[in-house]
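Residue numbers (UniProt numbering), protein chains in the order written: chain A, 1 to 281; chain B, 1 to 290; chain C, 1 to 271.
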């Protein structure tokens, strides 16, 4: 009888934990959508902000965020593709394999604010770029490197060796082997990794708040070394004036726009993962 | 022609490898060099309580305390809740629904931390303030609670994987001996999944230590260890919130800047070591019992 | 042992016709596939009841339905009746835990828990009753002797069970099941992952165990069935083709399919 009781208590605990977890998650989602939809309008999306963000819209913040991740993609994608091919096809010794693993996982573990500090010291001060959206893109690119590298590496590494042996036996050079046999699958993996990385990069505040963004008076940049406005830093500024209901209202609107952008990337990544996980060699 | 393409290709691959590795090392070196001033000039006085740049006092103990206490609160809430939920999704939920529920949880893990911060300011801090009758709801406890919510998806999804990876035969063998579901899970499934679950917790711990935005908005940003020290209903400061608040205001090259850098460096080392231990640990655990 | 024979003076085990488990009108469907079709069969007390048939014939499913271990599998649909000592196994208030305590099971591949040998033996029983250290040792000794493993492991009870050979692990699993004191032992191809020598040891063990326990054995090894079974059930494509005494089925079966299968190990059920 006692065992039965323990079992029942345990069952209640598991159900309660589940209810609490999903309750919290449901609360978060409904708050964001409910508050956010109240704040979003056509004008909100397509007019610039005024009065320190409490009035007007967020058009330049949207432009700024997109600019940041577009250039982050341009920098991170080729770099990580090359690194992943190196790791999968050129590294022979397990010693080097361990070093690359350590670097990738180490880089992946660095807290985001540390990247901001690094950017502030190295680019903004030592290289004297000043506050620059391009530096922001570089830093975001560094942040998402490990994600893309790992995803690409796993894709390429899952191709059986018999494919490589057959291609080489037909007299292909290593580079031809890579472009014809390995790259199609590798690119697919890289793209999934990129989507995951971007869903994270677009929402990051800490790495860009000292180095890439200014809060007000910014429009579309004309050069590489100018600040932009971005959605997450805009939310930060508005959250700090949370006592002003107007500012809070705009913060909810901006949050929902940001969340939808994040979801576009992460749902696409999820969809690709489910779709391509079925591929078997 | 063929050979030259081959060479260019290899050149591209090697170049991107070297650049990536250089960047990783550069981050480490730059932070280390900039911490050097503070380490040599302030030295052991870093481990004191007072932080006052105008008097050249740079004690980081309150920040260390803040980081520690917030993390402990977050883990205390998130571990039982997360593992309980993972047991639900892997053992009770029909497997046809499991992939959907897991997808939703993973999507939620992607909500940017600044949005958590906003929700914390708009709801959690007012709730805490009115519930405990405080003047301000920005306390260590508030930040800890919010942080626990932020790391919950990590613990749930990874623990769920860990539990789900335990081969079915162990459950059947235990069930066949007449054990209740509770006993099957506690004595058979969890001991085998223990290593991977620990990995999940370590990973969540790393995230909690490095989390900045939400904590910065909610902790109150006062460089003090509360009295008594377990009074988590008072404001505090973590390493990350300190960095977020002050690094923009300190002059590059000053001792103040260097002291902040030292904190950042310590945090980075801590989190990197934790991450590497987790990786090593998980790699070694690769399915001992199949 | 002697006491038992006194209790049952007509202890000619072969002719024991007491049934302990009765299956009637029993159907199992996984998703769209009907795995068991209208099964009606009986298992006899203190005999080796052997279910044979080609792979995919549903013999494992039938076995696993007896202690309801299939439950919890997705999309499984069960109807019909299995009774055990004249009570309905699928009855509404049936406590699965108590049922499985009464009806133990040994699986195809030995599954030892990542614990010591001693802890493995008492893994089940210690949940059903509080045990002192001495009692645990005593139970381990009794059961390990029952599966003739004691001499091999008595000096290393505290070593991890994974250090044993596969054949020893399987005997450990049987000891673990016996420790719970069931009256029926379900065995799902217990020798199929073992070498011939270990298989023989387990077969001898079964012949010994049937003095105290009812054994329901699933096997695809016809020679094994011939060696140790008392009562034989032949299944094919989810149906029971024929069941009866071993001698009858081997020498003089009613159905041509049974004859073909037992002779050639080949089965075309639609003959």
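Glycine included, every Cβ here is placed at the ideal spot set by N, Cα and C.
What you are looking at is a predicted structure, and each value in this text was computed from that prediction instead of being measured.
Checklist entry - Does the beta carbon of residue 232/B come closer than 7 angstroms to any beta carbon on chain A? => result no
Checklist entry - Got a sec: which bits of the stretch 100-130 of chain B sit with their beta carbon under 8 angstroms from any beta carbon on chain C, in order along the chain? => result none
Next on the checklist: My assumption, with CB atoms under 8 angstroms, is that residue 200/B sits in contact with residue 147/B. Please give the rounded CB distance.
Outcome noted: Actually they are not in contact, since the Cβ atoms of residue 200/B and residue 147/B sit about 16 angstroms apart, beyond 8 angstroms.
Item to check | Assigned exposure category for residue 240/A - 16 Cβ within 10 Å defines buried | outcome: exposed
Checklist entry - Cβ of residue 276/A less than 7 angstroms from any chain B Cβ? => result no
Checklist entry - Can at least three beta-carbon pairs, one atom from the stretch 245-260 of chain C and one from the stretch 226-233 of chain C, be found at a separation below 8 angstroms? => result yes
Next on the checklist: Which residues in chain B have a C-beta closer than 7 angstroms to the C-beta of residue 101/C? List them in chain order.
Outcome noted: 178
Next on the checklist: Is there a Cβ of chain C sitting closer than 7 angstroms to that of residue 173/B, yes or no?
Outcome noted: yes
Next on the checklist: Tell me whether the stretch 211-229 of chain A and the stretch 130-145 of chain A touch, counting them as touching only if at least three CB pairs, one residue from each stretch, are closer than 8 angstroms.
Outcome noted: yes
Checklist entry - Is the beta carbon of residue 43/C less than 7 angstroms from the beta carbon of residue 216/C? => result yes
Next on the checklist: Along the chain, where does the alpha helix (DSSP H) containing residue 4/A start, and where does it finish?
Outcome noted: 2-39
Item to check | Segment contact, 8 angstroms Cβ cut-off, at least three pairs: the stretch 18-27 of chain C with the stretch 220-237 of chain B | outcome: no
Checklist entry - Any chance the stretch 139-158 of chain C sits against the stretch 213-228 of chain B, with 3 or more Cβ pairs inside 8 angstroms? => result no
Next on the checklist: I'd like to know whether the C-beta atoms of residue 160/B and residue 86/B end up nearer to each other than 7 angstroms.
Outcome noted: yes
Next on the checklist: Just to confirm the assignment, what range does the beta strand (DSSP E) spanning residue 231/C have?
Outcome noted: 231-236
Next on the checklist: By the three-class DSSP mapping on this structure, what secondary structure does residue 33/C have?
Outcome noted: strand
Next on the checklist: In chain order, what are the residue ranges of uninterrupted beta strand (DSSP E) at least 3 long that sit wholly in the stretch 208-274 of chain A?
Outcome noted: none
Checklist entry - In three-state terms, what does DSSP make of residue 61/B? => result helix
Next on the checklist: Rounded to whole angstroms, what is the Cα-Cα separation between residue 130/B and residue 251/A?
Outcome noted: 23 angstroms
Next on the checklist: So residue 265/A and residue 187/A are supposed to be a Cβ contact under 8 angstroms. How far apart are they, rounded?
Outcome noted: Wrong, their Cβ atoms sit about 17 angstroms apart, outside the cutoff.
Checklist entry - Cα separation between residue 272/C and residue 117/A? => result Nothing about residue 272/C can be read from this structure; chain C reaches only from 1 to 271.
Next on the checklist: For a contact defined as C-beta to C-beta under 7 angstroms, what are the partners of residue 78/A on chain B?
Outcome noted: 16
Next on the checklist: Which same chain residues end up closer than 7 angstroms to residue 39/B when comparing Cβ atoms and leaving out the 5 residues on each side of it in sequence?
Outcome noted: 262
Item to check | residue 281/A at chain B interface by Cβ criterion, 7 angstroms | outcome: Residue placement at residue 281/A is poorly supported in this model, since its pLDDT is 48, which falls under 50; the coordinates still yield a value, given next. Not one chain B Cβ lies under 7 angstroms of residue 281/A.
Item to check | CA-to-CA distance, residue 138/C to residue 66/C, given in whole angstroms | outcome: 30 angstroms
Checklist entry - Is the Cβ of residue 267/C closer than 7 angstroms to any Cβ of chain B? => result no
Checklist entry - With C-beta atoms as the reference, is residue 190/A less than 7 angstroms away from residue 81/A? => result yes
Checklist entry - residue 51/B bridges to which residues according to DSSP? => result 58/B
Checklist entry - What's the gap between the Cα of residue 18/B and the Cα of residue 245/B? => result 34 angstroms
Checklist entry - Which residues in chain B sit within 8 angstroms of residue 60/A, going by Cβ to Cβ distance? => result Within chain B, no residue comes near residue 60/A; the closest Cβ sits about 18 angstroms away, beyond 8 angstroms.
Item to check | Rounded separation between residue 62/A and residue 34/A - CA only | outcome: 21 angstroms
Next on the checklist: I'd like to know if residue 169/B contacts chain C, where contact means its C-beta is closer than 7 angstroms to some C-beta of that chain.
Outcome noted: yes
Checklist entry - So is residue 268/C buried or exposed if we call it buried at 16+ other beta carbons inside 10 Å? => result exposed
Next on the checklist: Looking at chain A, is there any beta carbon in it that lies within less than 7 angstroms of the beta carbon of residue 147/B?
Outcome noted: no
Checklist entry - Does the beta carbon of residue 290/B come closer than 7 angstroms to any beta carbon on chain C? => result Note that residue 290/B scores a pLDDT of 35, beneath 50, so its modelled location is shaky and nothing firm can be said.
Checklist entry - Whose Cβ in chain A lies nearer than 9 angstroms to the Cβ of residue 66/B? => result What residue 66/B touches in chain A: nothing, since even the nearest Cβ is about 15 angstroms away.
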